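Some notes on the structure that comes next.
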Amino acid sequence: MPVTTRIEEVRNEVTTLAQAAATAKELMQGVCTLLNERMLKYNWVGFYMLEPGAQPPMLVLEAFVGAMTPHTRIPLNQGICGAAASSGKTIVVDDVSKDPRYLACSLETKSEIVVPIFVMKQVAGELDIDSHFAAAFGAEDQKLVQYCAEVVGKRLEKSR
Ligand code: SME
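So this is what it looks like as structure tokens:
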């Protein structure tokens, strides 16, 4: 199946999931499972959320699918995760071995994408995906992951 067709299908599945999920937590777990199962190069999929009221700000691992990571709490000045949350921008790293910010989760990881999640226009967390393949996240993947982050952000907004 061409990659773009699969991405379109998965996007529709995310929309359906968002309508069916009873809570934001259920939606986040569902997005992790769906992306990991349907997108074959998305080998670790997880949400890090900003801990409410934490000073200094801290990203805390919530829903995820994949091997357990040593990085369950990440300050904003560390890792690609910290960089994405503090800049509010999507970060794609085609070769993690060449990025000095990278915090290793698995020795198999070759590339990574981190997309911030906005609630009321403020960064509330992020969707982080690792791949065992170099340069796994092209322009269409970015759009799909950004869509997932947007859908979760909207759901969180409703529940606040
Ligand atoms: N690689 C991330 C850390 C999280 S693990 O990938 C799950 C980073 O550099 O921030």
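Residue numbers for the sequence shown, in our numbering: 393 to 552. C-beta: ideal position from N, C-alpha, C; glycine also. Note that the structure is a prediction, hence the values are computed from the model and not measured.
- Not one heavy atom of the ligand SME lies closer than 7 Å to the C-beta of E518.
- Closest by C-alpha distance to C424, out of W436, A414, E500 and S489, is W436.
- Selection S479, V485 and E443 evaluated against R465 yields E443 as nearest (Cα-Cα).
- By alpha-carbon distance to R403, the top candidate from A410, L519 and L536 is L536.
- With a cutoff of 7 Å, L427 does not count as near the ligand SME, since its C-beta is closer than that to no heavy atom of the ligand.
- Proximity of the beta carbon of G480 to the ligand SME is not indicated: no heavy atom of the ligand is located closer than 7 Å.
- The shortest CA-to-CA distance from Y494 to any of K550, F510, I521 and T407 is the one to I521.
- Sorting L519, T461 and E532 by C-alpha distance to the C-alpha of A541 places L519 at the top.
- With fewer than 16 other Cβ atoms from the protein chains shown falling within 10 Å of its own Cβ, S479 counts as exposed.
- When the beta-carbon positions are compared, A416 and R547 come within less than 8 Å of each other.
- At the C-beta level, L453 and G438 come within 8 Å of one another.
- Under DSSP, S503 forms a beta bridge with S523.
- Membership of Y494 in any beta strand (DSSP E) is not indicated, and neither H nor E is assigned to it by DSSP.
- The continuous alpha helix (DSSP H) containing Y539 extends over residues A531 to K550.
- The beta carbon of V484 sits closer than 6 Å to the beta carbons of I505 and F529 from its chain, once the five residues preceding and following it are set aside; these are given in chain order.
- About 5 Å separates the CB atoms of S523 and S503; that is less than 8 Å, so the two are in contact.
- Going by DSSP, E400 is part of the alpha helix (DSSP H) stretching over V395 to A412.
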